[in-house]
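Residues 35 to 113, numbered by the numbering used here, are exactly what the sequence shown covers, in order.
Remarks on the structure that follows.
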Amino acid sequence: MVPKLELSTTASLSGFILLFVPILTYGHESRVMTERVISQVQAAEMAVLQRIHDVTLRDKVCSCEIRAALNGKPLLRIE
């Protein structure tokens with residue numbers, strides 16, 4: 035079993051912004067964003083934010099509540 039690394043919420047969010055955001059949004063401007071790709075990016079984003087906020091799907095916390103607690107904005111702005 036791997037021990038859980040304890041980081042502050044601020045440090046975790048900084049790591050998310052520095053590491054995961056560029057990976058998730060790579061090529062966003064140049065490729066066609068289908069509904070499936072948009073859904074996959076949003077799911078990956080929320081999975082990371084749920085781990086940072088230390089909630090699971092069983093806790094039944096709405097994604098908007100997690101974003102509000104972490105002062106986050108969605109990665110993809112769909113217009």
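Ideal Cβ positions, reconstructed from N, Cα and C, are used throughout, including at glycine.
If you compare the alpha carbons of Ile57, Ile100 and Pro108 with that of aspartate 88, the shortest gap goes to Ile100.
Rounded to whole angstroms, isoleucine 86 and lysine 94 show a C-alpha spacing of 16 Å. By the 16-neighbour rule on beta-carbons within 10 angstroms, leucine 91 is exposed. Apart from sequence neighbours up to five positions away, the residues of its chain that approach valine 82 with a beta-carbon distance below 7 Å are Phe50 and Phe54, ordered along the chain. In the displayed model, methionine 67 falls within coil according to three-state DSSP, outside both helix and strand. Taken in chain order, the complete alpha helix (DSSP H) segments of 4 or more residues contained in the stretch 44-105 are 55-59, 69-87 and 97-104. Alanine 78 and threonine 43 have their alpha carbons spaced roughly 18 Å apart.
For the pair serine 48 and valine 75, the Cα-to-Cα distance works out to about 18 Å.
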